[in-house]
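Undergrad: Heads up: the sequence shown runs through residues 1 to 515, numbered per UniProt numbering.
Handing you a structure now.
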Amino acid sequence: MALYSDSYCKSDKQTLNPGSALYQQVACFLGLAEWALSLGFVNEEPQGLQGLPGRLCTPVSCRYQFHRTPVHRTEGQRHGAHAYFQDINVIFLGAMHPSDLREYLEGPPMVVEVHDRDRKSEGCSCKPALFGEDPLDPYLNLQTLISPKETENNPFETQDKMWDPYGVAQVSFADLLLGHKYLTLVVPVHSCEPKAMRLGHDSRSRKVVGSRVPGDGLQRGPMPPGNYLEASCLLKLRVGVAVPLRAGTEALDANPTASRFGRVIFVFTSSKLSLLHGLLQDVTVINAGALGLDSCPVEDMQQILSTLKMPAKIRERLDLDVLTGFHLLDGRGHLLILEGLADRGLRRLWESHQSRVPRVEPGSYKALYNSQLRFRRRLYADLETVPYQVRLSRPLAQLVKHAALYVRNTVPRQGFQALSRVYCICRYSSRLREVITGDLLPSSSMIKELSQEFGLPISQEDLTEGKLLAASPPPAPTLEDLQSRNSALTSEIQAHRETYLQWRNATILKNSLIQ
């Protein structure tokens, strides 16, 4: 297909606006790729580095997915210091919703996987074995041969699947929204996150029911990860659109079906409790009004909303003017991330908040808000109509410095991601666009996992001045008070003495009559 064919007239290109085609020409520069690929064999075979990538690995290729289009993989190229991919991928942007496309371009970068160390697929060498032929058959009762992790996966499904490390490059197309028709991007390549070893990939997993697994670690073990940063690996892409995207993005504001929702982030210290109470009260009033509870007192609104469970069909309504999100506190500061209809509830919240924003010193308060950033769907729709509250057991700055947090499998992955993203928002982020582009907003499942791992029950002291005021000591007694107190005490003693004397006399008289 020719990109610049005359069969497309100008009107047809505008019909396919915001672009009739997006084509990408990828050129990947893998500096010292052969050296990075052979790290695992440097000490064993110093003279055998030549030709190892070609013998053990498939040709170098790139793999990526633009939005919801099918995954595209380039043709493989031979291993070397430079790999060039004269690959063109045509994507018709006119088939996408304009607001959906804009949200994708403004969001996190596209991930390009650089596969330069994928092992060659081998034929299944596992032969059926009868019981008694395998040397480990007499030791089936030994539990030490099977670890608990080996029972989490089906060996017949994962036995022949291989996973190898690869490089990752993050490519952002946000500059296309500025009206550029062509972009030449050069981004660094990083190593991907390591994957947990499964059954059949661990050198200790030598036993699979009904088959004999070869113990050759060179063939079955994963390739060593590449040192892409040390090798100065770069990925170069050329992107172009037939029609600039600026005209299409300007038309989104007049489109009634465009993105509806907006988001706002508030970060402030624990001393700014007036801001917290004002924000929570505004959220309560807005949500109560959307649900027809605006005639109730504010205290009753909070109790009703905290116990209200909305059905899924009501939560998914696009015209429901409620604010959803979460409230995180750690004893030193507060973080509120809220979302709602951009032109209704969220705007009311922002305008009401602006009227009470105090003049505070830098670093104790920040609000991240951009009315131009719109989203088609809610991120926290399942967190009900009151902000989901999370009370951390320790201050956030202390939690991220804990060494055990960075030991693999010590903390659930979603809980760790939520903790790291929240810390980056509170510590480093200064604009909402940076948060969206960096994919720093934690999902609702991450927040729930964070609450389970590091959360504590919220007390009334967390939402007040920190500690209840101690009861004021009683005033010092005066001389008149002491005299009146002494006189009252004397009269009580005298009355008790008279009662005792009467009882004593009666007892003596009774004993004398008996004798």
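C-beta atoms are modelled at their ideal positions from N, C-alpha and C, and glycine is treated no differently.
(1) Considering only heavy atoms of the ligand HEM, does any lie closer than 8 Å to the CB of F416?
(2) Since G167 sits in a beta bridge, which residues does DSSP pair it with?
(3) Who are the Cβ neighbours of Q281 in its own chain at under 7 Å, not counting the five residues just before and after it?
(4) Excluding the 5 residues preceding and the 5 following R344 in the sequence, name in chain order all residues of the same chain whose CB lies nearer than 7 Å to its CB.
(5) Excluding the 5 residues flanking R377 on each side, which residues of the same chain have their C-beta closer than 8 Å to its C-beta?
(6) Does the Cβ-Cβ distance between L405 and L396 come in under 9 Å?
(7) Give the DSSP-derived three-state secondary structure of T464 in the structure shown.
(8) List the endpoints of the continuous alpha helix (DSSP H) containing C424.
(9) Quick one: residues in its chain with C-beta nearer than 7 Å to the C-beta of L318, no 5 flanking neighbours on either side, listed in chain order?
(10) Whose C-beta lies closer than 7 Å to the C-beta of L235 among residues of the same chain, with five residues either side of it excluded?
(11) Could you tell me which residues DSSP pairs with A174 in its beta bridges?
(12) Buried or exposed: residue 516, going by 16 or more other Cβ atoms within 10 Å of its Cβ?
(13) Is S430 closer than 9 Å to L338 when the C-beta atoms are compared?
(14) Can you list, in chain order, the residues of its chain whose CB lies under 8 Å from that of L105, leaving out five sequence neighbours each side?
(15) Excluding the 5 residues flanking R348 on each side, which residues of the same chain have their C-beta closer than 7 Å to its C-beta?
(16) Give me the Cα-Cα distance between L329 and L373, rounded to the nearest whole angstrom.
(17) Would you list the one or two residues that DSSP bridges to F268?
(18) Under the rule that 16 or more other beta-carbon atoms within 10 Å means buried, what is Q86, buried or exposed?
(19) Exposed or buried, what is V267 when buried is set at 16 or more other beta-carbons lying within 10 Å of its beta-carbon?
(20) Residues in its own chain within less than 6 Å of A247 by CB, not counting five upstream and five downstream?
(21) With H, G and I counted as helix, E and B as strand and the rest as coil, what does DSSP make of P474?
(22) Look at the alpha carbon of V283 and the alpha carbon of I304, and state the distance between them as a whole number of angstroms.
(23) May I ask you to report which of helix, strand or coil DSSP gives Q65?
(24) So, are the CB atoms of D118 and T58 less than 9 Å apart?
(25) Quick test of your reading: V241 and F326, contact by CB under 8 Å. State the CB separation rounded to the nearest angstrom.
(26) Spatial neighbours of P473 within its chain, please: CB distance less than 7 Å, with the 5 preceding and 5 following residues excluded, ordered by chain position.
(27) With DSSP run on the structure shown, which of helix, strand or coil describes E230?
(28) Taking 9 Å as the threshold (C-beta atoms), are L275 and H402 in contact?
(29) Tell me whether G340 is buried or exposed, calling it buried when 16 or more other Cβ atoms sit within 10 Å of its Cβ.
(30) Mapping DSSP to helix, strand and coil, what is I458?
TA: Looking at the atomic coordinates:
(1) This structure lacks the ligand HEM; in fact it carries no ligand of any kind.
(2) In the sequence shown, counting from the first residue as 1, residue 167 sits at position 167. DSSP lists V114, S191 as partners of G167.
(3) Against the sequence shown, residue 281 aligns to sequence position 281. Around Q281: V298.
(4) Translated into the one-based positions of the sequence shown, residue 344 becomes position 344. So the list reads D321, once near-sequence residues are dropped.
(5) Your numbering for residue 377 matches position 377 in the sequence shown. Closer than 8 Å at Cβ, skipping near neighbours: F261.
(6) Position 405 of the sequence shown, counted from the first residue, corresponds to residue 405. Position 396 of the sequence shown, counted from the first residue, corresponds to residue 396. No, the Cβ-Cβ distance between L405 and L396 is not below 9 Å.
(7) Here residue 464 corresponds to residue number 464 of the sequence shown, with the count starting at 1. Correct three-state label for T464: coil.
(8) Taking the first residue of the sequence shown as 1, we reach residue 424 at position 424. That run of the alpha helix (DSSP H) goes 413-427.
(9) The residue you call residue 318 lines up with position 318 of the sequence shown. The residues are R260.
(10) For the purposes of this step, residue 235 is taken as residue 235 along the sequence shown, with counting starting at 1. The answer, listed in chain order, is C28, V112, V114, A169, V187, V189.
(11) Within the sequence shown, numbered from 1, the residue matching residue 174 stands at position 174. Paired residue(s): none; A174 is not in a bridge.
(12) Nothing about residue 516 can be read from this structure; the chain reaches only from 1 to 515.
(13) Counting from 1 along the sequence shown, the entry for residue 338 is found at position 338. Counting from 1 along the sequence shown, the entry for residue 430 is found at position 430. Contact: no.
(14) Here residue 105 is taken as the residue at index 105 of the sequence shown, counted from 1. Closer than 8 Å at Cβ, skipping near neighbours: F173, A174, L176, L177, L245.
(15) Taking the first residue of the sequence shown as position 1, residue 348 is located at position 348. Cβ within range, chain order: I286.
(16) The residue given as residue 329 occupies position 329 in the sequence shown. The residue given as residue 373 occupies position 373 in the sequence shown. Whole-angstrom Cα-Cα distance: 26 Å.
(17) To locate residue 268, count along the sequence shown from 1; it is residue 268. Paired residues: H334, Y365.
(18) Here residue 86 corresponds to residue number 86 of the sequence shown, with the count starting at 1. So Q86 ends up on the exposed side.
(19) Your numbering for residue 267 matches position 267 in the sequence shown. With 16 or more Cβ atoms within 10 Å of its Cβ, V267 is classed as buried.
(20) Walking along the sequence shown from the start, residue 247 turns up at place 247. In this prediction, A247 has a pLDDT of 45, which is less than 50 and means its spatial position is unreliable; what the coordinates show is noted afterwards. Hits under 6 Å: none found.
(21) Working through the sequence shown from its first residue, we reach residue 474 at position 474. Low per-residue confidence applies at P474: pLDDT is 42, beneath 50, and the placement is therefore not dependable, though the value from the model is reported in the following sentence. DSSP places P474 in coil when its eight states are reduced to three.
(22) Here residue 283 corresponds to residue number 283 of the sequence shown, with the count starting at 1. Here residue 304 corresponds to residue number 304 of the sequence shown, with the count starting at 1. Their Cα atoms are separated by approximately 13 Å.
(23) Taking the sequence shown and counting its residues from 1, the one referred to as residue 65 is at position 65. DSSP places Q65 in coil when its eight states are reduced to three.
(24) Stepping through the sequence shown from its first residue, residue 118 is reached at position 118. Stepping through the sequence shown from its first residue, residue 58 is reached at position 58. Yes. Within cutoff.
(25) Your numbering for residue 241 matches position 241 in the sequence shown. Your numbering for residue 326 matches position 326 in the sequence shown. Going by Cβ atoms, the distance from V241 to F326 rounds to 38 Å, so no, they are not a contact pair.
(26) Start at 1 with the first residue of the sequence shown, and residue 473 comes out as number 473. Note on P473: pLDDT 40, under 50, position unreliable in the model; no value is reported.
(27) Numbered from 1 along the sequence shown, position 230 holds the residue referred to as residue 230. Correct three-state label for E230: coil.
(28) Stepping through the sequence shown from its first residue, residue 402 is reached at position 402. Stepping through the sequence shown from its first residue, residue 275 is reached at position 275. No. Outside cutoff.
(29) Numbered from 1 along the sequence shown, position 340 holds the residue referred to as residue 340. Buried: at least 16 other Cβ atoms inside 10 Å.
(30) Sequence index remark: in the sequence shown, residue 458 carries index 458 (1-based). In the structure shown, I458 sits in coil (DSSP, three-state: anything other than H, G, I, E or B).
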